[in-house]
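Numbering (the numbering used here), first residue to last: 72 to 208. Every residue, glycine too, gets a C-beta built ideally from N, C-alpha and C. Values in this document were obtained by computation on a predicted structure and should not be read as measured data. Step one of this worksheet: look at the structure below.
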Ligand code: THU
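As structure tokens, then:
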């Protein structure tokens with residue numbers, strides 16, 4: 072497999088948003104994680120009638136990646152399609168950045184459709200994490 076270009080990965084995230092289950096907010100979100108060997112894992116938001124049980128696209132993608140045996144995430148693309156304005160682009164939420172910080176290095180790449188390229192440390196400079204390495208896996 073060949074490594075996808077950033078623009079290609081954003082397109083994969085956009086396609087993944089087609090599979091969103093978002094009957095309550097109508098915000099369709101797609102995420103695509105890419106490894107340097109060409110592996111790609113996608114996710115979409117999945118809402119629930121009990122609203123708080125909704126899972127964001129980014130976390131769905133991270134959990135799918137971990138379930139596939141991936142523990143280091145160097146790059147993720149996110150695409151949000153707003154129901155009111157298709158051109159509006161939104162940033163990943165803080166909860167997803169915190170979950171990403173578990174598996175993404177500080178200089179990992181977050182591509183946001185319509186906005187550009189960010190480093191994790193820019194968007195979440197002070198993530199929660201154990202200060203003692205002793206407790207880490
Ligand atoms: N959502 C995501 O999928 N990712 C984010 O980073 C923020 C929000 C979803 C959750 C919900 O289904 C919809 O967008 C509106 O909040």
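Report the partner residues of residue 189 according to the DSSP bridge assignment. Numbered from 1 along the chain shown, position 118 holds the residue referred to as residue 189. Partner(s): 181.
Rounded distance between the beta-carbons of residue 115 and residue 100, thought under 8 Å: Counted from its first residue, the chain shown places residue 100 at position 29. Counted from its first residue, the chain shown places residue 115 at position 44. So it is a contact: roughly 6 Å between Cβ atoms.
Nearest candidate by alpha-carbon position, reference residue 147, set 90, 131 and 92: The sequence position of residue 147 within the chain shown is 76, counting from 1. Measuring from the Cα of residue 147, the nearest candidate turns out to be 131.
C-alpha gap between residue 118 and residue 166, whole angstroms: Mapped onto the chain shown, residue 118 falls at position 47. Mapped onto the chain shown, residue 166 falls at position 95. Distance between residue 118 and residue 166, taken at the CA atoms: about 16 Å.
Using DSSP bridges, identify the partner residues of residue 148. Along the chain shown, one-based indexing puts residue 148 at 77. Per DSSP, 103 and 182.
Does the beta-carbon of residue 118, which I'm using as the reference point, lie nearer than 7 Å to any heavy atom of the ligand THU? Numbered from 1 along the chain shown, position 47 holds the residue referred to as residue 118. Checking every heavy atom of the ligand THU against the Cβ of residue 118, one is found closer than 7 Å.
Nearer than 7 Å: is that true of the beta carbon of residue 135 relative to any heavy atom of the ligand THU? By 1-based counting over the chain shown, the position of residue 135 is 64. No, the ligand THU has no heavy atom inside 7 Å of this Cβ.
Between which two residues does the beta strand (DSSP E) carrying residue 112 extend? Looking up residue 112 in the chain shown gives position 41. It spans 111-115 - the beta strand (DSSP E) in which residue 112 sits, taken as one unbroken run.
Measuring CA to CA, which of 151, 103, 154 and 128 is closest to residue 180? As a working mapping, residue 180 is identified with position 109 in the chain shown. Nearest of 151, 103, 154 and 128 to residue 180, Cα basis: 103.
So is residue 76 in contact with chain B if we call contact Cβ pairs under 8 Å? The chain labelled as chain B is not found in the depicted structure, where only one protein chain is given.
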